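Read through the structure below, which is laid out as structure tokens, and then see the notes.
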Amino acid sequence: MTFPHRHLLGIEALRPDEITTLLDLADQYVTLNRLPDKHADALVGLTQINMFFENSTRTQASFEIAGKRLGADVMNMAMQASSVKKGETLIDTALTLNAMHPDLLVVRHPHSGAVDLLAQKVNCAVLNAGDGRHEHPTQALLDALTIRRAKGRLHRLSVAICGDIAHSRVARSNILLLGKMENRLRLIGPPTLMPAGIAEFGVEVFDDMQEGLKDVDVVMMLRLQKERMDGGFIPSEREYYHRYGLDEDKLRSAKPDAIVMHPGPMNRGVEIDGTLADDINRSVIQDQVEMGVAVRMAAMDLLAQNLRLTRGAA
Ligand code: NCD
96 MTFPHRHLLG
106 IEALRPDEIT
116 TLLDLADQYV
126 TLNRLPDKHA
136 DALVGLTQIN
146 MFFENSTRTQ
156 ASFEIAGKRL
166 GADVMNMAMQ
176 ASSVKKGETL
186 IDTALTLNAM
196 HPDLLVVRHP
206 HSGAVDLLAQ
216 KVNCAVLNAG
226 DGRHEHPTQA
236 LLDALTIRRA
246 KGRLHRLSVA
256 ICGDIAHSRV
266 ARSNILLLGK
276 MENRLRLIGP
286 PTLMPAGIAE
296 FGVEVFDDMQ
306 EGLKDVDVVM
316 MLRLQKERMD
326 GGFIPSEREY
336 YHRYGLDEDK
346 LRSAKPDAIV
356 MHPGPMNRGV
366 EIDGTLADDI
376 NRSVIQDQVE
386 MGVAVRMAAM
396 DLLAQNLRLT
406 RGAA
């Protein structure tokens with residue numbers, strides 16, 4: 096088994112060679128996705144249920160497209176209209192769905208750890224589509240694929256992750272993944288948005304953009320996660336943009352061929368200049384979205400292979 100996991104709950108559990116296996120398979124799906132006929136059969140006969148307890152555009156759409164391209168029967172639970180509104184617990188909802196024999200459950204939830212808990216209660220493969228401020232593994236994997244294709248490698252790069260690190264599961268999964276692949280990591284942001292004890296992760300911390308961006312290969316911007324803030328973390332959006340928003344001027348500190356990334360959704364004029372975000376010579380933001388579909392196809396393909404093996408052995 097090249098990818099010996101029942102679930103994809105986080106980057107933390109993955110080994111570097113397993114990350115490479117998944118990205119190699121995703122590269123093949125990028126090729127498929129550019130053909131007129133985008134169908135493959137890795138998930139034929141399987142049922143995929145998407146449960147999103149938090150808003151999502153890119154992640155939910157790409158998991159749905161990924162499942163459909165691989166032949167799964169895909170159902171999107173409308174969580175706003177579900178019995179969750181009537182007070183049903185997450186576990187009861189999961190057990191109800193489990194009784195319908197899904198094979199793949201894709202879950203996004205506002206509470207860190209909720210997806211891990213759910214995975215212990217069901218018989219199918221669970222994919223974490225973002226849990227609180229904990230992990231967002233497919234985002235880190237699609238970011239890794241984007242970097243690998245743009246830079247030709249995924250090691251010994253200098254990567255800056257900028258902005259609201261403290262509330263970001265994207266940052267956490269990326270720090271874990273890029274660290275495992277032996278890259279140099281710099282975190283840039285106001286001290287109020289840096290998680291406590293972050294230095295233990297072997298990263299360098301800056302609160303000045305120009306200084307932090309010096310000679311980096313990759314600049315990854317993050318959204319201000321206001322929905323996870325319960326007080327005054329920043330003076331004002333204007334002041335924040337002035338100090339931490341990425342624009343042409345600040346980007347000059349990075350290497351001349353540095354790429355600009357953002358997981359979306361973007362707040363133009365808050366964390367990034369809109370013109371820079373749209374500049375296809377610097378920004379790979381649309382590539383990230385494209386890689387998202389391929390990475391999710393690869394992740395579900397690998398988990399489905401394991402499902403079939405374990406069921407065959409049972
Ligand atoms: C991110 C998320 O939901 O964690 N979005 C995404 O999945 N592309 C980042 C964010 O919400 O800012």
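For the numbering used here, count along the sequence shown from 1 and bump the result up by 95. No residue lacks a Cβ here, since even glycine has one placed at the ideal position from N, Cα and C. Here the structure is a predicted model, which is why all the values come from computation and not from measurement.
query, result
"Buried or exposed by the 16-neighbour rule on C-beta atoms within 10 Å, applied to A209", "buried"
"Cut-off 8 Å between Cβ atoms - residues of its own chain near L415, not counting five sequence neighbours on either side", "Only positions 96 to 409 of the chain appear in the structure, and residue 415 is not among them; the question remains open."
"Alpha-carbon to alpha-carbon, G359 and I380", "8 Å"
"Proximity to A235 [Cα-Cα], best of R264, G227 and K350", "R264"
"CB of A393 within 9 Å of CB of L109, strictly", "no"
"For T152, the three-state DSSP class (helix, strand or coil)", "coil"
"Integer Cβ distance of V201 from L213, believed to fall under 8 Å", "V201 to L213, Cβ: 11 Å. No contact."
"Local Cβ density within 10 Å of P232, reported as buried at 16 or more and exposed below that", "buried"
"beta-carbon R153 near ligand 1 non-hydrogen atom, thresh 8 Å", "yes"
"Assigned secondary structure, Q143 (DSSP; H/G/I helix, E/B strand, else coil)", "strand"
"Where H337 falls: helix, strand or coil (DSSP)", "helix"
"R164 (DSSP reduced to helix, strand or coil)", "helix"
"For I256, three-class secondary structure by DSSP", "strand"
"For L282 and D259, believed in contact at Cβ under 8 Å, the rounded distance", "That pair is no contact at about 11 Å."
"Span of the beta strand (DSSP E), counted from its first residue to its last, around D226", "A220 to D226"
"Of the listed residues Q383, T142, I242 and T191, nearest to L402 (C-alpha basis)", "T142"
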